[in-house]
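Asks: Can you read through this structure? Questions will come right after.
In this note's numbering, the protein residues as written are 7 to 451.
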């Protein structure tokens, strides 16, 4: 990058050379004999995005299920189902040219402050006891597309995500204004029936984010009122890169029922029914907004109802990050000293370290968990399969070694398990046992 800038004198000069024909510039600058098509495509995307690391990282990291494995049915004030807007979104996606939308990658000043330190945050929510599907545990997968032209594919994907974000923001803002609520419906054909859960499953959209205007889709698995005490925990679950609310719904029922806790799981920006664009900094905004919503709408009212002022509302929130979800979870845990605990499931030390241990590309690294884990102030429980071929087992070991001594809990190194199968089959029993052991340790400290 430095050589390129020196060659052309300045970034502005380099940008000017990209117009009106960036394809021409790239084709002459990246020779076909030594630059693989994927590298050329990433370089082109980086230039077109205004040298945005987040845009490139997003192209490599986030692969939402397409189509999503669930839907939010829109419910009007009178209780009637409203038509969805899929046709409107598709029409916008078919339009030509870029549509500008705030992606939040250039400015992260909004990530430094939390509204719960000043005043309660608001969100749009709806209650339902929807009878939902059984789904598989969310699993990180590679996007199964066979690109003919990497440059064209990445450019079109980026443009499509921006167009989708714009129309989704317009729709969600209108829904919030009109008092629209939601009902969760899973992909029954793909996922089957949900495990039994005697609590409520509430579909919510929380927002808008101050920086991006995005509304985030989430499901709250809440215990019956008779089972909730002042010590009842709420798990804020950040899922893997190729999962969504539908894919995670079965596991969340099992967790909530067997751990006797509430579970709040959300979709990242650009996933499922959430608006926005999937990017690293947007995942931080997502988890930050959901955390504040959980404090104001779950744990704080829970303590106020019992007239308890000894326990901090944040103390009853446990962050859970699976795979890519370890990034936003470590980010939040490193910034909130009162959070009750942190669970990392198949985590990585950082995004680029998954690809290579070399730090030559450190400038493009994302989710620096290995640095943030050193700053946490809560108990940490790490789960990792010893035969993980997606994120090497050594990542879990390195994170465990970096946890502050007073926050360390015994990890669970799972023999004969990989990245996505720790909870599969009989393994779910030991999984719940290990989680319960960790949760009990929080009340004993």
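The C-beta atom is built at its ideal place from N, Cα and C for all residues, glycine as well. Note that the structure is predicted; figures quoted are calculated from it, not measured.
1. Provide the residue(s) that pair with residue 268 in DSSP beta bridges, ordered along the chain.
2. Classify residue 262: buried if its beta carbon has 16 or more other beta carbons within 10 angstroms, exposed otherwise.
3. Would the region 188-204 count as touching the region 240-250 if we require 3 or more Cβ pairs under 8 Å?
4. Got a sec? Which residues, its chain only, sit under 7 Å from residue 371 by beta carbon, not counting five neighbours each side?
5. Using only alpha-carbon positions, find the residue among 419, 257 and 229 that is nearest to residue 394.
6. To the nearest angstrom, report how far apart residue 339 and residue 76 are at their CA atoms.
7. Nearest by alpha-carbon distance to residue 334: which of 398, 254, 73 and 354 is it?
8. Measuring CA to CA, which of 235, 369 and 321 is closest to residue 313?
9. Judging by CA-CA distance, which residue of 123, 73, 68 and 219 is the nearest neighbour of residue 306?
10. What's the call for residue 204, buried or exposed, on a 16-neighbour Cβ count within 10 Å?
11. Going by Cα to Cα distance, which pick from 218, 219 and 192 is closest to residue 209?
12. Go ahead and label residue 284 buried or exposed: buried means 16 or more other beta carbons lie within 10 angstroms of its beta carbon, across all protein chains shown.
13. Nearest CA to the CA of residue 410: which residue from 433, 422 and 383?
14. Per DSSP, residue 328 is paired with what?
15. If I follow the unbroken alpha helix (DSSP H) through residue 359, where does it start and stop?
16. Taking the alpha carbon of residue 297 as the reference point, which residue from 412, 215, 450 and 417 has its own alpha carbon closest?
17. Could you give the residue range of the beta strand (DSSP E) that holds residue 120?
18. Whose CA, out of 320, 291 and 380, lies closest to the CA of residue 302?
19. In this structure, what does DSSP give as the bridge partners for residue 389?
20. Please identify the residue among 376, 252 and 387 whose C-alpha is closest to the C-alpha of residue 280.
21. In the DSSP assignment, the alpha helix (DSSP H) including residue 75 goes from what residue to what residue?
22. In whole angstroms, give me the CA-to-CA distance for residue 295 and residue 212.
23. Look up residue 211 in the DSSP assignment and say whether it is helix, strand or coil.
24. Around the Cβ of residue 172, are there at least 16 other Cβ atoms within 10 angstroms (buried) or fewer (exposed)?
25. Could you check the C-alpha separation between residue 237 and residue 168 for me, to the nearest Å?
26. What number of angstroms, rounded off, separates the C-alpha of residue 271 from the C-alpha of residue 348?
27. Cα-Cα, which of 317, 86 and 388 is closest to residue 188?
28. Counting C-beta neighbours from all protein chains within 10 Å, is the total for residue 378 16 or more, i.e. buried, or is it exposed?
29. Around the C-beta of residue 70, are 16 or more other C-beta atoms found within 10 angstroms, so that it is buried, or is it exposed?
30. By the DSSP assignment, the beta strand (DSSP E) with residue 289 in it spans what residues?
31. Could you check what DSSP says for residue 226 in three-state terms: helix, strand or coil?
32. What do you reckon, are the CB atoms on residue 178 and residue 287 nearer than 8 Å?
33. Checking the sheet assignment: what are the DSSP bridge partners for residue 434?
34. Mind checking which residues open and close the alpha helix (DSSP H) that includes residue 401?
35. Candidates 440, 170 and 224: which alpha carbon is nearest residue 190's?
36. With 16 other CB atoms within 10 Å as the buried threshold, where does residue 369 fall?
Replies: Put simply:
1. Answer is 240.
2. That one is buried.
3. Result no; under three Cβ-Cβ pairs closer than 8 Å.
4. If we look at residue 371 and ignore the five residues flanking it on each side, its Cβ neighbours are 356, 357 and 358.
5. Answer by Cα proximity: 419.
6. Annotation: residue 339 to residue 76 spans about 29 Å, alpha carbon to alpha carbon.
7. Ranked by how close their Cα comes to the Cα of residue 334, the residues 398, 254, 73 and 354 have 354 in first place.
8. For residue 313, the closest alpha carbon among the candidates 235, 369 and 321 is that of 235.
9. Considering only 123, 73, 68 and 219, the residue with the shortest C-alpha distance to residue 306 is 123.
10. Counting C-beta atoms within 10 angstroms of its own C-beta, residue 204 has fewer than 16 neighbours from the protein chains shown and is therefore classed as exposed.
11. Looking at the Cα atoms, 192 is the closest of the given residues.
12. Around the C-beta of residue 284, 16 or more other C-beta atoms lie within 10 Å, and the residue is accordingly described as buried.
13. Out of 433, 422 and 383, 383 has the C-alpha closest to the C-alpha of residue 410.
14. Partner(s): 351.
15. Boundaries of the alpha helix (DSSP H) around residue 359: 357-361.
16. Selection 412, 215, 450 and 417 evaluated against residue 297 yields 215 as nearest (Cα-Cα).
17. No beta strand (DSSP E) contains residue 120, which DSSP labels as neither H nor E.
18. Measuring from the Cα of residue 302, the nearest candidate turns out to be 320.
19. Beta-bridge pairing links residue 389 to 351 and 418.
20. When the alpha-carbon of residue 280 is set against those of 376, 252 and 387, the nearest one is in 252.
21. No alpha helix (DSSP H) contains residue 75, which DSSP labels as neither H nor E.
22. If I take the Cα positions, the gap works out to 8 Å.
23. The three-state reading of DSSP puts residue 211 in strand, counting E and B together.
24. Label assigned to residue 172: buried.
25. If you take the alpha carbons of residue 237 and residue 168, they lie about 42 Å apart.
26. Roughly 15 Å between the two C-alpha positions.
27. From the listed residues 317, 86 and 388, the smallest Cα separation to residue 188 is found for 86.
28. Label assigned to residue 378: buried.
29. By the neighbour-count criterion, in which 16 or more other beta carbons inside 10 Å mark a residue as buried, residue 70 falls on the buried side.
30. Note, residue 289: premise wrong, no beta strand (DSSP E); alpha helix (DSSP H) at 286-300.
31. Strand, per DSSP.
32. No, these two residues do not count as a Cβ contact at 8 Å.
33. Per DSSP, none; premise fails for residue 434.
34. Note, residue 401: alpha helix (DSSP H), 399-408.
35. The option with the nearest alpha carbon to residue 190 is 224.
36. Exposure of residue 369 is indicated by the presence of fewer than 16 other C-beta atoms within 10 angstroms of its C-beta.
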